[in-house]
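Residue numbers (this note's numbering): 287 to 697.
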């Protein structure tokens, strides 16, 4: 019996959307201001490094993970958009491309962390490895050379997919070549599972190995779920900003924000499902190699951070995002998104800081340092400046993308 050959993917007809889609001058001002704020905060962070290098590395890790999560989440959403061909993604494709395209800059911003491996990770300290049998058994994987090599692979592959898709999308703008539709879809079909696989390994390297005696088989998908929340928590305020100015003021409609609100709600529920599943499995198992990680985060003051996450990363956004009217109101939806973006920092701080030595197993409780917000602003300012620069240098709509006319039409 001969094999059945599936029909080729045929792109829908292209109806170019006429108009001048040049970015508004406000994006240029945003870029300049972000550079100014980011560089001032970077100078303060450098002074903090001279005063306390260990605290600088700890604060910088959380800050870098926050903004890398936004970029990686936008990369994943962009890959998902190319696979599903959803109209929701066409009007923000340029935002997703600009955010994901910052991966090479984030790779450069990762370099300071490589200088502080010994400050951050027990497995990077030879004396600790020599005194700990478990660390010696894990040394084939958890070692500085392996960590650096894997980080190069992760960041390089993510950068490739982000830049390759953006390049094909720009070429589609210029030529209208129909074959590019299928090429982008094939690239996304490969890129999405690769992203998920690499993000799982990265979660082990960058966060889980802060406490190398602990492990969780669900931590990777928990990490990926957070990226989804970060992406839409960033995308929605940017969409609101663009919707208030020409040329996008007539493009964004309540139904677009309704779609973004539904997707944000889906990722909030996904993040909560993974977080709760991990807690229930480890708590009910009560194994001595697993339970101390949660004990360090559920007592000594850290329980209040956990309650804040339950209330403001899940319960309140969940209740608010159930409202159809709120999801169609761009301003109120953006307020929920900004709250969730702030809670993404809290989540990363809660995951990382108890392993940094704020007392034995975090017993002294959460002790925020002034470098925590400063490094977050420094990395965020530089990242936002690069993002705004990339966004303003391209048309704000992919004018030759199939289905764009339908995506911007209607109510």
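Positions of the beta carbon are idealized from the N, C-alpha and C atoms, including for glycine.
Short of 7 Å in beta carbon distance, which residues of its chain neighbour residue 499, apart from the five on each side in sequence? Order them along the chain. As a working mapping, residue 499 is identified with position 213 in the chain shown. The answer, listed in chain order, is 420 and 575.
Are the region 392-404 and the region 438-456 in contact at 8 Å, needing three or more beta carbon pairs? yes
Which residues in the same chain as residue 523 place their Cβ atom closer than 7 Å to its Cβ, once the five residues preceding and following it in sequence are excluded? The sequence position of residue 523 within the chain shown is 237, counting from 1. Once the five neighbours on either side are set aside, the close Cβ partners of residue 523 are 620, 623 and 624.
What do you reckon, are the CB atoms on residue 428 and residue 495 nearer than 8 Å? Numbered from 1 along the chain shown, position 142 holds the residue referred to as residue 428. Numbered from 1 along the chain shown, position 209 holds the residue referred to as residue 495. It is a contact, given that the beta carbons lie within the stated cut-off.
Count the other CB atoms, across all protein chains shown, that sit within 10 Å of the CB of residue 453; report buried if there are 16 or more and exposed otherwise. Mapped onto the chain shown, residue 453 falls at position 167. Burial call: exposed.
Under 8 Å between C-beta atoms of residue 519 and residue 630: Position 233 of the chain shown, counting from 1, holds the residue named residue 519. Position 344 of the chain shown, counting from 1, holds the residue named residue 630. For residue 519 and residue 630, yes; Cβs fall inside 8 Å.
Less than 8 Å between the CB atoms is what I'm expecting for residue 665 and residue 349, so what's the real figure, rounded? Along the chain shown, read from residue 1 onward, the residue named residue 665 stands at position 379. Along the chain shown, read from residue 1 onward, the residue named residue 349 stands at position 63. The Cβ separation is near 5 Å, so the contact holds.
Can you list, in chain order, the residues of its chain with a C-beta nearer than 6 Å to that of residue 375? Leave out the 5 residues immediately preceding and following it. Here residue 375 is taken as the residue at index 89 of the chain shown, counted from 1. When the five nearest sequence neighbours on each side are left out, the beta carbons in the same chain lying within less than 6 Å of the beta carbon of residue 375 are those of 367, in order along the chain.
For the region 537-555 and the region 599-616, state whether three or more C-beta atom pairs, one from each stretch, are separated by less than 8 Å. yes
Apart from the five residues on each side of it in sequence, which residues of its chain come closer than 7 Å, Cβ to Cβ, to residue 387? Sequence index remark: in the chain shown, residue 387 carries index 101 (1-based). The residues are 448, 449, 452 and 676.
Give the straight-line distance between the Cα atoms of residue 681 and residue 318, rounded to the nearest whole angstrom. Counted from its first residue, the chain shown places residue 681 at position 395. Counted from its first residue, the chain shown places residue 318 at position 32. Whole-angstrom Cα-Cα distance: 20 Å.
Contacts around residue 422, its chain only, beta-carbon distance under 8 Å, and the 5 residues preceding and following it disregarded: Working through the chain shown from its first residue, we reach residue 422 at position 136. Excluding residues within five positions, the ones whose Cβ falls inside 8 Å are 415 and 416.
If residue 636 sits next to residue 690, beta carbons under 8 Å apart, how far is it from one beta carbon to the other, in whole angstroms? Walking along the chain shown from the start, residue 636 turns up at place 350. Walking along the chain shown from the start, residue 690 turns up at place 404. In fact, because the Cβ distance is near 41 Å, the residues do not count as touching under 8 Å.
Classify residue 406 as buried or exposed, calling it buried when 16 or more other Cβ atoms lie within 10 Å of its own Cβ. Taking the first residue of the chain shown as position 1, residue 406 is located at position 120. Flag for residue 406 reads buried.
Helix, strand or coil for residue 308, going by three-state DSSP, please let me know. As a working mapping, residue 308 is identified with position 22 in the chain shown. Residue 308: coil per DSSP, three-state reduction.
Look at the alpha carbon of residue 399 and the alpha carbon of residue 587, and state the distance between them as a whole number of angstroms. The count along the chain shown starts at 1 and reaches residue 399 at position 113. The count along the chain shown starts at 1 and reaches residue 587 at position 301. Cα to Cα, the separation comes out at about 28 Å.
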